[in-house]
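Numbering (the numbering used here), first residue to last: 147 to 312. Just so you know, even glycine gets a beta-carbon here, dropped at the ideal spot from N, CA and C. Take a look at the structure below.
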Amino acid sequence: SSFFKPNQKNLQDFINFTDHVVIDEQTKDLKRLDDIKFDLFFDFIKIDAEGSEYEILKGGENTIQKSLGFEIEQQFIERYQNSPKYQVISEHLEKLGFEVYLINSESWKKKMSYTNVNTNLKLVWADFLYFLKYDKFKNLLTNNKDKEIIILKQIVLFSMYNLHHE
147 SSFFKPNQKN LQDFINFTDH VVIDEQTKDL KRLDDIKFDL FFDFIKIDAE GSEYEILKGG
207 ENTIQKSLGF EIEQQFIERY QNSPKYQVIS EHLEKLGFEV YLINSESWKK KMSYTNVNTN
267 LKLVWADFLY FLKYDKFKNL LTNNKDKEII ILKQIVLFSM YNLHHE
């Protein structure tokens, strides 16, 4: 599902082109993430919204800045019409005080690829893992009475992603 239509021009060259067709269209009323009242803060957020990730980030800056990190899907080609690519999202997250720790990418095969040739596939999208930059994390600890709990949560999150050296 996506709020953006598939970009047929960019997708037509890939063998999984038929996986990206519009089956049904619906209208939905949405709220900005920052306009929803939550009883708790989110330590970690995962965003996989098929092209709407940037809009979610813009509408949830206050909520996101209270988290320790998040995982977000970003695209290297415009899979959905008028949806931003990873550069726009990465620059935005850098300004919010986050940095990339891990990228799990997906590459696709083009329809006209030769099967008997050893070749790399086209990089299409990836899940990016972000955590607060060290200075921002340090400031968070300085201004918080629950330092030990925050450090423990960060250790658990790093461990979940095998970031043991951090």
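Query, Result
"On the three-pair Cβ rule with 8 angstroms, is the stretch 238-248 touching the stretch 219-228?", "no"
"Give the straight-line distance between the Cα atoms of S253 and A272, rounded to the nearest whole angstrom.", "9 angstroms"
"Identify every residue that forms a DSSP beta bridge with A272.", "Q220, S251"
"Kindly indicate which three-state DSSP category I295 falls into: helix, strand or coil?", "helix"
"Got a sec? Which residues, its chain only, sit under 6 angstroms from F187 by beta carbon, not counting five neighbours each side?", "K212"
"To the nearest angstrom, how far is the alpha carbon of K355 from that of F304?", "Outside the displayed range of the chain (147 to 312) lies residue 355, so it cannot be described from this structure."
"Identify the continuous alpha helix (DSSP H) that holds K106 and give its terminal residues.", "Only positions 147 to 312 of the chain appear in the structure, and residue 106 is not among them; the question remains open."
"Would you tell me roughly how many angstroms separate the C-alpha atoms of L239 and D159, rounded to the nearest one?", "31 angstroms"
"Helix, strand or coil: how does DSSP classify E240 here?", "helix"
"For Q300 and L214, which I take to be in contact (beta-carbon distance under 8 angstroms), what is that distance rounded to the nearest angstrom?", "6 angstroms"
"The beta strand (DSSP E) spanning I210 covers which residue range?", "First-last for I210: 207-211, but that is the alpha helix (DSSP H), not the beta strand (DSSP E)."
"Return the CA-CA distance between D181 and K231, expressed in angstroms with no decimal places.", "25 angstroms"
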